[in-house]
Structure formats: C-alpha cells, structure tokens
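Chains as they are written, first to last, in my numbering: chain L, 264 to 586; chain C, 264 to 586.
Cβ coordinates follow ideal geometry from the N, Cα and C atoms, glycine included.
Data first, discussion second: the structure below is written as structure tokens.
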C-alpha cells in the first residue's frame, strides 16, 4: 500500500531516520509540506529526533488514556467511579458543571486529552495541549457549610502532591493555597469551584491540571522559566494512568479522613508539604500587596502571616516567595 | 364583532354580573366549557366575583410589570440597571446564572411574571404562579472572599424586609437566615447562590420571591396555613413595581454600606428585624436537631445559640420557632 501521509512513512520504518528529501519524494509533496506535517504531529503528541544530514526519527507515539486501565488504577469506592475520557473539550470544569446541574453523582470525573479553553485561577488561561498532560475535573458533594470550601482546596493540593511524590518520586511542594511547584516552577494547578445555596455547598468541582510529559519545546517561550513537567523533573516518561489512579486514591482517602476527623489532620499534612511556610512572603491580595512571615494555616484554611509580631489572616491572594 | 371567548364577553360588559347560562348561550359552548375558561383566566391572574343566581363579574385584570415604570421606580446606579422582564420562565435563578457565565454585569436583574420550576431553599419547589407575585433574581459581583457569602444572604433579607415595611406598612420579620414572616406565615423567600473559585466569589445570585397579591384561593390547600401574601396581610392591592423599586433601592444602599463599612451595621439591622433572636428555637441542621436560646448573629453571619450557658455557632439549618 502506498503511504499517504508522513506518519504512514514513519510507521512503516520504525526506528529509522528518514530525510525530509526522501519523504518529500515518496509522497510527491514539497519539503515545506513535509515539515508542516511533522510539526502537526508534534503538536498532537508525536515526538521526533532530528539529526542534521540524517533526518527525522519517530521516537514516541502519543499515549492515549484508556478508561478501563484508569478504572483499574483507582483504588476507590466513589471517586472516579463515574468516568468520562474525552479527546478534546473546551474545559473539563464546564463539562462537570453541566453534569452536576443534571444531577451527576459525587465522584464523577471528566478527563480530557486536550482542553481548548482550559481555565486557571483568577480567570487566567491554562495551557493544556493534547496528549501529554493530565487535565481533569472531579465532582464532590460534601454537604458542608460554605466555610469549608477553602479547606477542600487545601485537601486537594495535599492529595495531588502525595500522589505525585509516590508515583514519580518528584519532590513537589505546595505554594499556598494550591499550586504545586518543583524547584520554584509550577507543575500543577488546582482550581476548586464551589456552588452554594445560602450557607450550604451544593457541590464543588476540583479542577486539576498536571504537566506530566511535556518537553521544553512543548511550552510557549513566555512560560518556560515559570513551569516545568514531571517528565523534565524526573527524566522519565510518566505513566499518566497510574498517576491519575494515585490522585483519586489519595483524594478519596483524605476526603474520608476529613469528613470523619475534620480539618486538623489535613492542615498538618498540608503544612508538612508546603513551600510557603516558615519564610518571608509577599501576597498580592485584592486589597493590595501584603508582606510577612508565613507561620502556618488556621483551621479555616487561611494563611497566617506574622507582621512584626502581629498575626494577620489571609483568605485570598497570590503568593510570591521572598519578601 | 361577535365575542369569541369568555374574556371578550366580560371585557364588553365591565362591572356587570353575567350568568354561566348566558355566556354559554352567547358563545354556543357548554356550561362546563365556560367554567373551564373562567378557571383558566383565574390562573392567569384575572379575578371574578361569583354570586349565586347572578353569575360572575370581572373585578380585577392581571397587572403586568412594565420595564419603563420599573426603571423609574428604582433609585439606583447599578442594581437593576440591566433589566429583563419575562412573561414566563423556568427559573429566574437559571436565567441569571446563564447571563453571569456570559459575562453580564453586576446588577443585572431578571423578573418573571411566572416561574414553571421556581426553586426554594434545600432544593424545594417554590410556588410562583403568574401575575401576582414578585419572582426575581439579581446578579452581584462583590469580589470578596467566599466567607462573606452568608453575610450577603442576611443583607438581602434586611433590604427586602425594609422595602416591604416602607411600601406596604406590613410588619414583616426575618426568620434566620432569610425567610420573611408575618404572623408566623412566610411571605417572602430568599435564596443566595454563590459561585466561587478557590476562596474568591466569582458571583452571587440573589433570588427573591415575594407573595404580593395572592388571595387565599390562589394557594394550594397544603400551603394555606404556612404562607400568606402582602395583600392578605395589608388588605390592599400591592403595587409590585413600587415594591421592586424599593427593594432594589434598599439593596443598593445596604450593599454600598457593607462594602464600605463591613458587616457590623448590617448585623445590627438584621437583629433589629429578626423574629428568631431572644427566644428558644430548634434548628434542623445537617447534623440533626439542635435546641437553644438564640442570642444573635456573629460577624460571619452564623446564628449564636446559647445551650445552658455554652455558646454554639450554627452555620446552616432550618429554624423552628419554639423549643
């Protein structure tokens, strides 16, 4: 069978270097068209070695998340037991919100290979290219007062941090309230959306974005010194299914602990994993920047700042490490 | 012109009693069909006197809310300045939620003559028949931490209670957190929905349902000893447009005060209008019933219960007056 696309040619010649010239000749297309197709494949998660004079070699096909494998990887009774795996969506948060309004049950999980309008904190755009990250949203229906929502934010960060450490060995730390950093670079963002009626939570949606298998070239220029991936930090490909399974297992364990024992044990775990505590920090709050020594979190989930002996509680803000 | 409907006949004979027999003869329809049409008109807000042997007389056409009149009645800069008046909708809360997600600005107000799926607290159905009540939802974007949402719930109750007192003279009181009662019967329900990202409110929707002009017959049997209307309590027809205008004016005034001065003054006003404070109450909480002496609300908006000298804070629940 005559190859039709650049991908066909690479699939027929596993492990071999193929020059642009040869590919262009065999497909009867221009060199520029070859180069364009290879770039499209890269965007879709294929990886190529490129050596001058020898050409390109396909080294990595995109791995695709499999619902059955995922179900097996989750040691849970409730979380993730209603599962949707999508190729592409606008935002998994919006998907779960829609399901929640339709009455979806606690633990409903939506994972997408790619988000076109991924959303981060403060309405910022979240970079979520196809096939290499973990972009997912989980529905919780804790039946708690609204004042507990910030605690669930911190709980989610603890669970993801613990799962990352155990599956990948990467020593990520938590920046208040819920960013995960490695060597000062962000590898995971968490966004907890809460919908409440009066003082009672109707439901929460925990949005979790983990940069798993990105290479440096996957990031746009302006992000490269701010973010990193577990692959870059560990030097190995991450098994996304195992990691998602571990995140759900940790979350369910901590969520049960929280519902039974309250926030105390979670606060303790959070402080132990935090990179914000025991140092001078500056916070951009809605009321302007605030600087102080971060001493811990209180039982509501607020950050405790010591400002020359005076304790201030910070409920909302963006932390800059260093005074 | 030959009359086509029962309504045509009544409109051509203002103030006159018409017997069912006469109407049936003039329209060439059965007596049962006449009776059916009159019932439909009653449901749509028309009111009839019925006297045996004389027949029916049309005494009240449904009044319809007018956007221009409403705009004139609101002494506001922001609240209600984006206004939608609908004949019928499923739920004004859902309408405003959709508008909020599309980026609608603070103060956007949706009012409907009728809701087909009106929603009350704890997912209960809210009885909202056409033309006689005030069913509306208001979008707020306070940019505050999530912990402030319960305060906004109480603030809304204070504003509506004050507006009702000033426009109708009816001495309504607030049952914690936000039901308005007259002589132990509910005349207004308030539902504050909050949508938050992490610890920050993205927006709130204040749903307000006021039983304005219902007569006793408008209520289903099972509601009659639990609810009442401002018309029943005041003995006069309520000008819904004036009342909506007053609610928006009060809300804007108190909302500004709250954003400038914090919750202190609002808590003070709430306690002064409350029917829950200074008595023995039982609360149905998510953790079961709790009985105690209600002494006030704290700065977070929680109800303070004194249980044999021990103070308990109640964040969520349904109050029954009396121990």
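Tell whether a beta-carbon distance below 8 angstroms holds between residue 492/C and residue 475/C.
Reading the second chain from its first residue, position 229 is the one you call residue 492/C. Reading the second chain from its first residue, position 212 is the one you call residue 475/C. Yes, Cβ-Cβ distance for residue 492/C and residue 475/C is below 8 angstroms.
Name the chain L residues that come within less than 7 angstroms of residue 549/C, Cβ to Cβ?
What you label residue 549/C is simply residue 286 of the second chain in a count that begins at 1. Those within 7 angstroms of residue 549/C in chain L are 406.
Consider the Cβ of residue 330/L: report whether some Cβ of chain C lies at a distance smaller than 8 angstroms.
Reading the first chain from its first residue, position 67 is the one you call residue 330/L. By this cut-off, residue 330/L is not an interface position.
In whole angstroms, give me the CA-to-CA distance for residue 424/L and residue 306/C.
Here residue 424/L refers to the residue found at position 161 of the first chain. Here residue 306/C refers to the residue found at position 43 of the second chain. When rounded, the distance between both Cα atoms is 59 angstroms.
Under DSSP, the alpha helix (DSSP H) around residue 293/C begins and ends at which residues?
Residue numbering aside, residue 293/C sits at position 30 when the second chain is read from its first letter. Residue 293/C -> no alpha helix (DSSP H), and no H or E assigned at all.
What residue range does the alpha helix (DSSP H) around residue 424/L cover?
What you label residue 424/L is simply residue 161 of the first chain in a count that begins at 1. 412-431 is the span of the alpha helix (DSSP H), which, as asked, contains residue 424/L.
Cβ of residue 468/C within 8 angstroms of Cβ of residue 402/C?
Taking the first residue of the second chain as position 1, residue 468/C is located at position 205. Taking the first residue of the second chain as position 1, residue 402/C is located at position 139. Contact flag set, yes.
Using a cut-off of 8 angstroms between C-beta atoms, extract the partners of residue 440/C located in chain L.
As a position in the second chain, residue 440/C is number 177, starting the count at 1. Near residue 440/C (Cβ distances below 8 angstroms), the residues of chain L are 461 and 462.
Could you work out which residue in 340/C, 352/C, 325/C and 370/C is closest to residue 346/C when comparing CA atoms only?
In the second chain, counting from the first residue as 1, residue 346/C sits at position 83. Residue 370/C is the option with its Cα nearest to residue 346/C.
Continuous beta strand (DSSP E) stretch holding residue 309/L: start and end
The count along the first chain starts at 1 and reaches residue 309/L at position 46. Here residue 309/L belongs to no beta strand (DSSP E), and DSSP marks it neither H nor E.
For residue 301/L, collect the residues of the same chain with a Cβ closer than 7 angstroms to its Cβ; drop the 5 residues on either side in sequence, then sort them by chain order.
Position 38 of the first chain, counted from the start, is the residue given in the question as residue 301/L. 269, 311 and 319.
First and last residue of the uninterrupted beta strand (DSSP E) at residue 485/L:
Position 222 of the first chain, counted from the first residue, corresponds to residue 485/L. No beta strand (DSSP E) contains residue 485/L, which DSSP labels as neither H nor E.
Could you list which residues in chain C have their beta carbon closer than 8 angstroms to that of residue 416/L, in chain order?
Your numbering for residue 416/L matches position 153 in the first chain. Under the 8 angstroms cutoff, chain C gives 461 and 462.
With distance defined between alpha-carbon atoms, name the residue in 419/L, 576/L and 324/L nearest to residue 587/L.
Coverage of chain L is limited to positions 264 through 586, which leaves residue 587/L absent and any answer about it impossible.
What three-state label does DSSP hand residue 592/C in the structure shown?
Here chain C has residues from 264 to 586 only, and residue 592/C is not among them.
Leaving out the 5 sequence neighbours to the left and right, which residues in its chain are closer than 8 angstroms to residue 329/C when beta-carbon positions are compared?
Locating residue 329/C in the second chain gives position 66, counting from the first residue. Closer than 8 angstroms at the Cβ level, and outside the excluded window around residue 329/C, lie 348 and 504.
Quick check on the DSSP output: the alpha helix (DSSP H) that includes residue 521/L runs from which residue to which?
Residue mapping note: residue 521/L aligns to position 258 of the first chain, counting from 1. Taken as a continuous stretch (DSSP letters only), the alpha helix (DSSP H) holding residue 521/L covers 503-524.
Which residues in the same chain have their Cβ closer than 7 angstroms to the Cβ of residue 466/L, if we skip the five residues on either side of it in sequence?
Position 203 of the first chain, counting from 1, holds the residue named residue 466/L. Result list for residue 466/L: 363, 402, 403, 404 and 458, in chain order.
Excluding the 5 residues preceding and the 5 following residue 482/C in the sequence, name in chain order all residues of the same chain whose CB lies nearer than 8 angstroms to its CB.
The sequence position of residue 482/C within the second chain is 219, counting from 1. These residues qualify, in order along the chain: 390 and 490.
Could you please give the first and the last residue of the uninterrupted alpha helix (DSSP H) stretch that includes residue 535/L?
Within the first chain, numbered from 1, the residue matching residue 535/L stands at position 272. Taken as a continuous stretch (DSSP letters only), the alpha helix (DSSP H) holding residue 535/L covers 527-536.
For residue 480/L, the nearest candidate out of 316/L, 275/L and 494/L (CA to CA):
Numbered from 1 along the first chain, position 217 holds the residue referred to as residue 480/L. The shortest C-alpha separation from residue 480/L is found at 494/L.
With a CB to CB cut of under 6 angstroms and the five nearest residues on each side skipped, what residues in its chain are close to residue 552/C?
For the purposes of this step, residue 552/C is taken as the residue at position 289 of the second chain. The residues are 545.
Excluding the 5 residues preceding and the 5 following residue 282/C in the sequence, name in chain order all residues of the same chain whose CB lies nearer than 6 angstroms to its CB.
Within the second chain, numbered from 1, the residue matching residue 282/C stands at position 19. Same-chain partners within the cutoff: 318.
Could you compute how far the alpha carbon of residue 586/L sits from the alpha carbon of residue 518/C?
The residue given as residue 586/L occupies position 323 in the first chain. The residue given as residue 518/C occupies position 255 in the second chain. A caution first: residue 586/L carries a pLDDT of 43, below 50, which makes its placement in the model unreliable, though a value can still be read off. Using only the alpha carbons, I get a separation of about 35 angstroms.
Given this structure, state the Cα-to-Cα distance separating residue 438/L from residue 573/C, to the nearest angstrom.
In the first chain, counting from the first residue as 1, residue 438/L sits at position 175. In the second chain, counting from the first residue as 1, residue 573/C sits at position 310. Cα-Cα distance, rounded: 38 angstroms.
Work out the CA separation of residue 314/C and residue 374/C for me, nearest whole Å.
Start at 1 with the first residue of the second chain, and residue 374/C comes out as number 111. Start at 1 with the first residue of the second chain, and residue 314/C comes out as number 51. Taking the straight line from one Cα to the other gives about 36 angstroms.
May I ask you to list, following chain order, the residues of the stretch 449-480 of chain L that have a beta carbon less than 7 angstroms from some beta carbon of chain C?
454, 455, 456, 457, 458, 459, 460, 461, 462 and 463
Just to confirm my understanding: we take residue 219/L, look at its own chain, exclude 5 residues before and 5 after, and list those with CB closer than 6 angstroms. What are they?
Shown here, chain L extends from 264 to 586; a query on residue 219/L therefore has no answer.
Compute the distance between the beta-carbons of residue 512/C and residue 337/C, then report whether it is under 8 angstroms.
In the second chain, the residue the question calls residue 512/C occupies position 249. In the second chain, the residue the question calls residue 337/C occupies position 74. Result yes, Cβ atoms of residue 512/C and residue 337/C sit closer than 8 angstroms.
Under 9 angstroms Cβ-Cβ, which residues of chain L neighbour residue 295/C?
The count along the second chain starts at 1 and reaches residue 295/C at position 32. Correct list: empty, because the minimum Cβ distance to chain L is about 41 angstroms.
Beta carbon proximity, residue 522/L to chain C, threshold 8 angstroms:
Position 259 of the first chain, counted from the start, is the residue given in the question as residue 522/L. Output row for residue 522/L: interface = no.
Three-way DSSP call (helix, strand, coil) for residue 586/L in this model:
For the purposes of this step, residue 586/L is taken as residue 323 along the first chain, with counting starting at 1. Caution is warranted here: a pLDDT of 43 is assigned to residue 586/L, below 50, making its placement in the model unreliable, and the coordinate value is therefore given only provisionally. DSSP places residue 586/L in coil when its eight states are reduced to three.
Which residues bound the alpha helix (DSSP H) around residue 359/L?
Stepping through the first chain from its first residue, residue 359/L is reached at position 96. Here the alpha helix (DSSP H) through residue 359/L covers 355-364.
Per DSSP, what are the beta-bridge partners of residue 563/L in this structure?
Numbered from 1 along the first chain, position 300 holds the residue referred to as residue 563/L. Note: residue 563/L sits in no beta bridge, so no partner.
For residue 571/C, count neighbouring Cβ atoms within 10 angstroms of its own Cβ and tell me buried if that reaches 16, exposed if not.
The residue labelled residue 571/C in the question sits at position 308 within the second chain. That one is exposed.
DSSP three-state assignment for residue 279/L, whether helix, strand or coil
If you number the first chain from 1, residue 279/L lands on position 16. It is coil, neither helix nor strand.
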